[in-house]
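Novice: From first to last, the protein sequence lines stand for chains A and B.
Under my numbering, think of the first position of the first sequence as 6, with each following residue one higher.
Under my numbering, think of the first position of the second sequence as 61, with each following residue one higher.
No residue lacks a Cβ here, since even glycine has one placed at the ideal position from N, Cα and C.
All values reported here derive from a predicted model rather than from experimental measurement.
There's a structure below that I have some questions on.
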Amino acid sequence: METIRLRTSHLWFLLVIVAITMAIMEYGGPQEEKGTFLLTIVFWAGILQGAIAVVAVTDLIEARWIDALREKLLSLYPLLYFLLILFLIFIPRAGVFPWTAHPGAWLNETFFIIRNILLLLAACLAARFFARAALRRDSGTKRWAVIYLFIFVASQSLVAFDWVMSLEYPWISTLFGAFFFVEALYGGLAMAGILFFSEPRPDASFPVKAAPRDIGLLLFGFSVLWGGLFFAQFLLIWYGHLPEEISFISERINSPLYRALGYAFLAFNFFIPFLVMISRKAKGQAGVVAAVSGVILTGIFIERIFYIGPALSLNEGAAFFQTVLMFTAVLAFVNNRNEFLSRLAGKDAA
Amino acid sequence: MNKTDPIEARERFESDVLSVMGRPGFRYFAALGFCAFLVTLGFGLWGWQIFRGVGVAGISHPVGWGVYITNFVFWVGIAHSGTLISAVLFLFRAKFRTSFNRAAEAMTVFALMVAGLFPLIHLGRVWIFYYLLPYPNQRLLWPNFRSPLIWDVFAVTTYMIVSLVFFYVGMIPDLAVARRRLKGFASRIFAILSLGWNGSLGQWRHYNKLYIFLAAFATPLVASVHSIVSWDFAVSIVPGWHTTIFAPYFVAGAILSGTAMVITLVWPMQRILKLENYITTDHFEAIAKILLLTSLIVSYSYIVETGFAFYGEHPFEAEQFRYRSFGDYAVLYWVMIFCNSLLPLTLFVRRLRRSLPYLFVLSLLVNVGMWIERFVIIVNSLARDYDPYAWGTYTPSPVEIGITLMSFGLFFLLYLIFLKVLPILSITELKEHHG
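Shown next, in the form of structure tokens:
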């Protein structure tokens, strides 16, 4: 099958179109559903930052299987700039957070916007420098990997605490930030599983069969970790049974729709990957790993709906369309990565 | 490691590792005697406590959990890195584990033995400790399964059994080597312990399958045991305890203290037993990186916990964290921050990471910090609960201090005995990786 080849300038033009479309969808139509755009940026912030973090972690521990996927995953780094633009588009919507009516020292609109812009920008820059070092395999790779991971953890924690948890202010869960950055890594790994299947030729001279097996093993491990963290969080809230804590859960599981979504993401993020990936045979097949990866990404998306939906209403059609647009952008960047990645790797090398 | 003839290298691995089991010298007996003295003292004090009642300890209302529970959590934490190094690093195919795994597994078993004593020491009537177990009985005395203390019994017992099996199974081929190379009574003992191991292909096939299964089985246990220990505190609604991050935070803290204890034990062992060829600076550096990573996770937890105490409207949480930082035990709190969060940051400097004396001192301080961390969490929250009428402070009594010293004495006593009776490095894996 012939793939459409786009130049880097065309890719940026594509992003401009996607951004304008999303802005029109958010602000151009009826203003009843205010959570859809937030849902999109929360979900894609995790997946995109997580995909780069997967490369950073594997480079740091010198895992060799990433050789087959390094370029594909790093080709997502320009989308982190796009994420920053999406956040800028979201800023007029900041009034949806309940705390804006009674701003405090930490939760006030100005500080919220400044800290989030700074962290998203820092993530873009660190990802760029890391990607450049990793592509050149130079000595600074590990240093940039550590810097990126620090910013990744801070940024995802802020996504959890600022963008999602504060929707239900004053509800708190101290594990929420760690849960989000682990989930972002899980999502990044799932993205790796899909990208490997989409073009199963390795970038370097590397045995092709090794990658799906290693991705499958890690997905299995992450499903257990995810299950453990989910349980650790849920158990304490359920056991404590304090009105100010339990309200977050009871509001959701008392609605038939959100209860069903709750069961769905539990199955998609834990039971299905755990049961399928436990099989040695399944882990060796790129198709199965990609299918499970798709299930995991769907699970994470449903989980985001579960968190955001009851606080802000969502438009299902817009959410679906925005996801398709973002996924198209991801595939466009991955499939047309050669030009901008070689420019990035060779810029200072000459 | 020098490149030599493989047969010769294998011979050397066997003789070098087994030579450690030779006749001990004066210094060894002196260390053994000192540890035995601490153990005798501690058990004597425990006997005194049983005779007079728990009133001889400093724990009283409102601080009912003092250094006994601090010691329990500390030693369970120490027990963690044995399985981490052995099982998790085995699954991740990290070769440097070969240098540490036997010492770390032994450490796990001994630390669990010590940890297991403390709930018993803490009990008023230790002779009915078996009430904790769900044994069939006619009096319908069932333990309260909703209590995390019962979960502890199950979790720690399971971890103990799996760790023992993992330790023993991994040692079987080495026990057969000891059977072959040692003479007399020792050879006969190792003949029984090695369970008829003859190194046939069939035996190796089963061994490898069992070992990877046990590694995979033990790995989630590492997380579950300390998660459950954390829930001893977190399922309550006490300020400073009831927080969802406790489980991963305790697991990371346990691994932090465990890796520090590995360095504390292995560096002197490397120096005194002249094992520099087998336990190299690179290996220490790898362990130091795990220590740094877990320290960062612990620091993240400190920041999040403290930050959220002042978020929203939680006056009791806010007061608890203000009290921790500036109250009666503030010095301990800041020592904890220094030892667990600030000092390990120096490991970002490669030169310090590779300096073994520096790592040794750092590991001692991290262990001090981790012991203090448990004390800070336990005592502060009980001393400053909701109702000012029930506030109070706690000072450990000489009996509690003596029993705490006993725990260290017992741990090091068991470790010293291990050095002389079992192969301290995995000969099989040395042959596999270097031979």
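Residue 286 of chain B: buried (16+ other C-beta within 10 angstroms of its C-beta) or exposed?
Specialist: So residue 286 of chain B counts as buried.
Novice: Look up residue 29 of chain A in the DSSP assignment and say whether it is helix, strand or coil.
Specialist: Reduced to three states, the DSSP call for residue 29 of chain A is helix.
Novice: When Cβ atoms are compared, which residues of the segment 272 to 299 of chain B fall closer than 9 Å to chain A?
Specialist: Answer in chain order: 279, 280, 283, 284, 287, 290, 291, 294, 295, 296, 297.
Novice: For the alpha helix (DSSP H) containing residue 267 of chain B, list its first residue and its last residue.
Specialist: It spans 261 to 294 - the alpha helix (DSSP H) in which residue 267 of chain B sits, taken as one unbroken run.
Novice: Using the C-alpha atoms, what's the distance from residue 282 of chain B back to residue 144 of chain B?
Specialist: Going by the C-alpha atoms only, they are around 7 Å apart.
Novice: Output, in chain order, the set of chain A residues within a Cβ distance shorter than 9 Å of residue 307 of chain B.
Specialist: Within chain A, the residues near residue 307 of chain B are 180, 233, 234, 236, 237, 238, 240, 241.
Novice: Hey, does residue 302 of chain B have any beta-carbon neighbour from chain A nearer than 8 Å?
Specialist: Yes, residue 302 of chain B counts as interfacial toward chain A.
Novice: Return helix, strand or coil for residue 14 of chain A, following the three-state DSSP convention.
Specialist: The answer is helix: DSSP assigns residue 14 of chain A an H, G or I state.
Novice: Looking at the structure shown, is residue 291 of chain A part of a helix, part of a strand, or coil, going by DSSP?
Specialist: Here residue 291 of chain A sits in helix by DSSP.
Novice: Out of B:338, B:92, B:399, B:455, which has the shortest C-alpha to C-alpha gap to residue 428 of chain B?
Specialist: Out of B:338, B:92, B:399, B:455, B:399 has the C-alpha closest to the C-alpha of residue 428 of chain B.
Novice: Taking 8 Å as the CB-CB cut-off, is residue 371 of chain B touching chain A?
Specialist: Taking Cβ atoms only, chain A reaches closer than 8 Å to residue 371 of chain B, which makes this a yes.
Novice: For a contact defined as C-beta to C-beta under 9 Å, what are the partners of residue 245 of chain A on chain B?
Specialist: Chain B residues near residue 245 of chain A: 294, 295, 296, 297, 302.
Novice: Starting from residue 477 of chain B and walking both ways along the alpha helix (DSSP H), at which residues does that stretch end?
Specialist: Residue 477 of chain B -> alpha helix (DSSP H) spans 458 to 481.
Novice: Counting only Cβ-Cβ distances shorter than 7 Å, please list the residues of the segment 361 to 394 of chain B near chain A, keeping chain order.
Specialist: Listed by position, the residues of the segment 361 to 394 of chain B near chain A (Cβ gap below 7 Å) are 364, 365, 368, 371, 372, 373.
Novice: Would you check if the segment 271 to 282 of chain A and the segment 302 to 322 of chain A touch, i.e. whether three or more CB-CB distances between them fall below 8 Å?
Specialist: Contact holds: three or more Cβ-Cβ distances are below 8 Å.
Novice: With C-beta atoms as the reference, is residue 173 of chain B less than 8 Å away from residue 479 of chain B?
Specialist: Cβ distance not < 8 Å, so residue 173 of chain B and residue 479 of chain B don't count as in contact.
Novice: Give the straight-line distance between the Cα atoms of residue 151 of chain A and residue 65 of chain A, rounded to the nearest whole angstrom.
Specialist: Answer to the nearest angstrom: the Cα atoms are 8 Å apart.
Novice: Which value, in whole angstroms, describes the spacing of the CA atoms of residue 218 of chain B and residue 423 of chain B?
Specialist: Their Cα atoms are separated by approximately 28 Å.
Novice: Along the chain, where does the alpha helix (DSSP H) containing residue 147 of chain A start, and where does it finish?
Specialist: Unbroken alpha helix (DSSP H) run through residue 147 of chain A: 146 to 163.
Novice: Using a Cβ distance threshold of 8 Å, determine whether the segment 131 to 140 of chain B contacts the segment 174 to 186 of chain B, with at least three qualifying pairs required.
Specialist: Contact holds: three or more Cβ-Cβ distances are below 8 Å.
Novice: Taking Cβ-Cβ distances shorter than 9 Å, what residues in chain B pair up with residue 111 of chain A?
Specialist: Result: 367, 370, 371.
Novice: Provide the residue span of the alpha helix (DSSP H) that contains residue 86 of chain A, from first to last.
Specialist: 83 to 95 is the span of the alpha helix (DSSP H), which, as asked, contains residue 86 of chain A.
Novice: Any beta carbon from chain B within less than 8 Å of residue 229 of chain A's own beta carbon?
Specialist: True, the Cβ-Cβ gap to chain B drops below 8 Å.
Novice: Is there a Cβ from chain B that is less than 8 Å from the Cβ of residue 82 of chain A?
Specialist: So, not an interface residue.
Novice: Taking 6 Å as the limit between beta carbons, can you name the residues of its chain near residue 387 of chain B, skipping five residues before and five after?
Specialist: No residues qualify anywhere along the chain.
Novice: Comparing the C-beta of residue 177 of chain A with each C-beta of chain B, is any distance below 8 Å?
Specialist: Answer yes: the Cβ-Cβ gap between residue 177 of chain A and chain B drops below 8 Å somewhere.
Novice: Determine whether the Cβ of residue 127 of chain A lies closer than 8 Å to any Cβ atom of chain B.
Specialist: It does not: the Cβ of residue 127 of chain A has no partner Cβ on chain B nearer than 8 Å.
Novice: Where does the unbroken alpha helix (DSSP H) through residue 140 of chain B begin, and where does it stop?
Specialist: Looking at the DSSP string, the run of the alpha helix (DSSP H) that includes residue 140 of chain B is 140 to 143.
Novice: Output the boundary residues of the alpha helix (DSSP H) element that contains residue 75 of chain B.
Specialist: 66 to 79 is the span of the alpha helix (DSSP H), which, as asked, contains residue 75 of chain B.
Novice: If residue 3 of chain A sits next to residue 83 of chain A, beta carbons under 8 Å apart, how far is it from one beta carbon to the other, in whole angstroms?
Specialist: Any question about residue 3 of chain A goes unanswered here, given that chain A covers just 6 to 355.
Novice: Could you tell me whether any Cβ in chain A is nearer than 8 Å to the Cβ of residue 61 of chain B?
Specialist: Any reading at residue 61 of chain B needs caution, since the residue's pLDDT is 49, under 50, leaving its predicted position unreliable; the model's value is listed next. No, residue 61 of chain B does not count as interfacial toward chain A.
Novice: Shortest alpha-carbon distance to residue 343 of chain B belongs to which of B:315, B:487, B:330, B:241?
Specialist: Comparing Cα-Cα distances from residue 343 of chain B to each of B:315, B:487, B:330, B:241, the minimum goes to B:330.
Novice: Determine the direct distance from the alpha carbon of residue 153 of chain A to that of residue 135 of chain A, and round the result to whole angstroms.
Specialist: Approximately 7 Å, taken between the alpha carbons.
Novice: Inspect the beta-carbon positions of residue 172 of chain A and residue 238 of chain A and report whether they are closer than 8 Å.
Specialist: Against a cut-off of 8 Å, the Cβ pair of residue 238 of chain A and residue 172 of chain A comes out as no contact.
Novice: At a CB-CB cut-off below 8 Å, which residues of chain B make contact with residue 131 of chain A?
Specialist: The contacting residues do not exist; residue 131 of chain A stays about 16 Å from chain B at best.
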